[in-house]
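Participant: The structure under discussion is supplied below as structure tokens; questions concerning it will follow.
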Amino acid sequence: MSTVETLCVWAEESVRLDAVLHALEELRRPEPMPAVRNSVLNLCIVGADSRNVDRARAAVHELAGRHPARVLHLVLDPEARGGDIGLDARIELLGGEAEGRELWFEDVELVVRGPATAHLHSIIEPLTLADLPVVAWFVDEPPAVDDPILSAADVVLVDSRQLGGVDCFPNLTELVARHTVVDLSWMRLAPWRTLLAGLFEGPDFRPFVHHVTGAEVAGRTGPRHLVGGWLADRLGLPRNAIHLTEAEHVTIRLHAELPDGRRGTFLASRGDIRRVEARADVAGGPTSSAVLELPEATPAWGLADALSRLERDPVYECALARALS
Numbered sequence: 039m040s041t042v043e044t045l046c047v048w049a050e051e052s053v054r055l056d057a058v059l060h061a062l063e064e065l066r067r068p069e070p071m072p073a074v075r076n077s078v079l080n081l082c083i084v085g086a087d088s089r090n091v092d093r094a095r096a097a098v099h100e101l102a103g104r105h106p107a108r109v110l111h112l113v114l115d116p117e118a119r120g121g122d123i124g125l126d127a128r129i130e131l132l133g134g135e136a137e138g139r140e141l142w143f144e145d146v147e148l149v150v151r152g153p154a155t156a157h158l159h160s161i162i163e164p165l166t167l168a169d170l171p172v173v174a175w176f177v178d179e180p181p182a183v184d185d186p187i188l189s190a191a192d193v194v195l196v197d198s199r200q201l202g203g204v205d206c207f208p209n210l211t212e213l214v215a216r217h218t219v220v221d222l223s224w225m226r227l228a229p230w231r232t233l234l235a236g237l238f239e240g241p242d243f244r245p246f247v248h249h250v251t252g253a254e255v256a257g258r259t260g261p262r263h264l265v266g267g268w269l270a271d272r273l274g275l276p277r278n279a280i281h282l283t284e285a286e287h288v289t290i291r292l293h294a295e296l297p298d299g300r301r302g303t304f305l306a307s308r309g310d311i312r313r314v315e316a317r318a319d320v321a322g323g324p325t326s327s328a329v330l331e332l333p334e335a336t337p338a339w340g341l342a343d344a345l346s347r348l349e350r351d352p353v354y355e356c357a358l359a360r361a362l363s
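Numbering-wise, the sequence shown is residues 39 to 363 according to the working numbering.
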């Protein structure tokens, strides 16, 4: 999409929700819009740290042409007291061009203070567009399983790497049992998983997939544990056969041995900042290699795929469960 431009703005402090709804309607009335709204979902970004919310906002704006949405940003301050209780609101109508067509979408920011933070579902529901899915993106910490927001959401979006990695896995495990959860960290691991699985294609390499004896996974906390859980689940490995180490970027190495004694090594690693390289080596036999280019590492990396797959992922859920076992 071209650079996002602000078409018009409305902002008020200590405002009632009905005034926000009225402003949304009035902003579009002064003159015909130069483009059409083409929203495909409602995206509600929830967090107490405005910096996290702003980073999420930047990612959404980057993808506006691919996933135009009614975007709600909720910045929470539950400890506010006295005169600070209430809502501050800012609405922007943003426009741009994507694939030769002009479009616009709405960006609504609410700073919610005091007791109102316990009733966010009643704030979200009137502001969402009917008949479109509601995605609740938690940018500070995963929600409790009884969080009222979940009653208004069809999908829960998280980034487990940003939420503390393995420390948030128990909470996420409870969530996936009741809700559709999409994890940006898992989406960003797709190139490694795809290339590694592809190394076992063909008659020379396929037999080894049933005889993997151990794995080494390097990476940041969270991603490396997800990969370890995925390998344990898909290959039937005990967790003590998977060795995890800290590293800046993900590297996965598998060791396999066939009943006849032939050994193979299968590796997927980040060759440089923009690509993943994979290689299969069979002792005394053939080799195979593949390369996959990575997208630019912007705030939107993984978000486009996540918003295109708003459904349960049994493979992710099993990987998450095995990461904790």
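Note that beta-carbon positions come from the ideal geometry of N, C-alpha and C, so glycine has one too.
Pull up the distance between the alpha-carbon of L148 and that of E349, whole angstroms please.
Facilitator: Going by the C-alpha atoms only, they are around 28 Å apart.
Participant: Going by CA-CA distance only, name the one from T44, C356, V196 that's closest to A215.
Facilitator: The option with the nearest alpha carbon to A215 is C356.
Participant: Could you tell me the alpha carbon to alpha carbon distance between H60 and L131, rounded to whole angstroms?
Facilitator: Going by the C-alpha atoms only, they are around 14 Å apart.
Participant: If you run the structure through DSSP and keep just helix, strand and coil, what is A73?
Facilitator: With a pLDDT of 48 at A73, under the threshold of 50, the predicted position of this residue should be treated as unreliable, and no value is reported.
Participant: Can you tell me whether T289 is buried or exposed, with buried defined as 16 or more other CB within 10 angstroms of its CB?
Facilitator: Looking at its Cβ environment, which holds 16 or more other Cβ atoms inside 10 Å, T289 is buried.
Participant: Looking at C-alpha atoms only, which residue of G85, F143, S160 is the closest neighbour of D56?
Facilitator: Among G85, F143, S160, the Cα nearest to that of D56 is on S160.
Participant: Give me the Cα-Cα distance between V74 and D319, rounded to the nearest whole angstrom.
Facilitator: Confidence is the limiting factor: at V74 the pLDDT is only 49, short of 50, which leaves the residue's position unreliable and the question unanswerable from this model.
Participant: Pick from R300, R360, A168: whose alpha carbon is nearest that of S77?
Facilitator: Among R300, R360, A168, the Cα nearest to that of S77 is on A168.
Participant: What residue ranges within the region 195 to 271 form continuous alpha helix (DSSP H) runs of no fewer than 4 residues, ordered along the chain?
Facilitator: Runs of the alpha helix (DSSP H) inside the region 195 to 271: 207 to 214, 222 to 226, 228 to 236.
Participant: Using a Cβ-Cβ cut-off of 6 Å (strictly less than) and excluding sequence neighbours within five positions of G152, which residues of its own chain qualify?
Facilitator: The answer, listed in chain order, is A118, I123.
Participant: Confirm, please, whether the CB-CB distance from R258 to G323 is below 8 Å.
Facilitator: For G323 and R258, no; Cβs fall outside 8 Å.
Participant: Can you tell me whether E51 is buried or exposed? The criterion is at least 16 other CB atoms within 10 Å of its CB, across all chains shown.
Facilitator: Exposed, because fewer than 16 other Cβ atoms sit within 10 Å of the Cβ of E51.
Participant: Distance, Cα to Cα, S346 vs T336?
Facilitator: So the two alpha carbons sit approximately 18 Å from each other.
Participant: How about D197 and S223: do their beta carbons lie closer than 8 Å?
Facilitator: In contact: D197 and S223 (Cβ atoms closer than 8 Å).
Participant: So the candidates are T325, I129, A156; which of them puts its Cα closest to the Cα of D115?
Facilitator: Here the closest residue by C-alpha is A156.
Participant: Is R312 helix, strand or coil by DSSP?
Facilitator: Reduced to three states, the DSSP call for R312 is coil.
Participant: Using only alpha-carbon positions, find the residue among L233, G267, R301 that is nearest to A321.
Facilitator: Comparing Cα-Cα distances from A321 to each of L233, G267, R301, the minimum goes to R301.
Participant: Using the Cα positions of D298 and G274, report the straight-line distance between them to the nearest angstrom.
Facilitator: In a straight line, the C-alpha of D298 is about 21 Å away from that of G274.
Participant: Under three-state DSSP, which class holds L341?
Facilitator: Note: L341 maps to helix in three-state DSSP.
Participant: Roughly how many angstroms separate the alpha carbons of V193 and L296, rounded to a whole number?
Facilitator: The straight-line gap from Cα to Cα measures roughly 43 Å.
Participant: Less than 7 Å separating the Cβ of R108 from some heavy atom of the ligand NAD?
Facilitator: The ligand NAD is not among the ligands present in this structure, which contains no ligands whatsoever.
Participant: If contact is defined by three or more beta carbon pairs under 8 Å, each pair taking one atom from either stretch, is the region 324 to 333 in contact with the region 219 to 238?
Facilitator: In short, these stretches touch, since the Cβ pair count reaches three.
Participant: Could you pull out every residue in the same chain whose Cβ sits closer than 8 Å to the Cβ of G309, ignoring the five residues on either side in sequence?
Facilitator: Same-chain partners within the cutoff: E315, V329.
Participant: Would you say L112 and V172 are within 8 Å of each other, going by their C-beta atoms?
Facilitator: No, the Cβ-Cβ distance between L112 and V172 is not below 8 Å.
Participant: By Cβ distance, which residues of its chain are closer than 6 Å to A338, with the 5 residues on each side in sequence left out?
Facilitator: Excluding sequence neighbours, A338 sits near A97, E100, L101.
Participant: How big is the Cα-Cα spacing for H293 and V91?
Facilitator: H293 and V91: Cα-Cα distance of roughly 42 Å.
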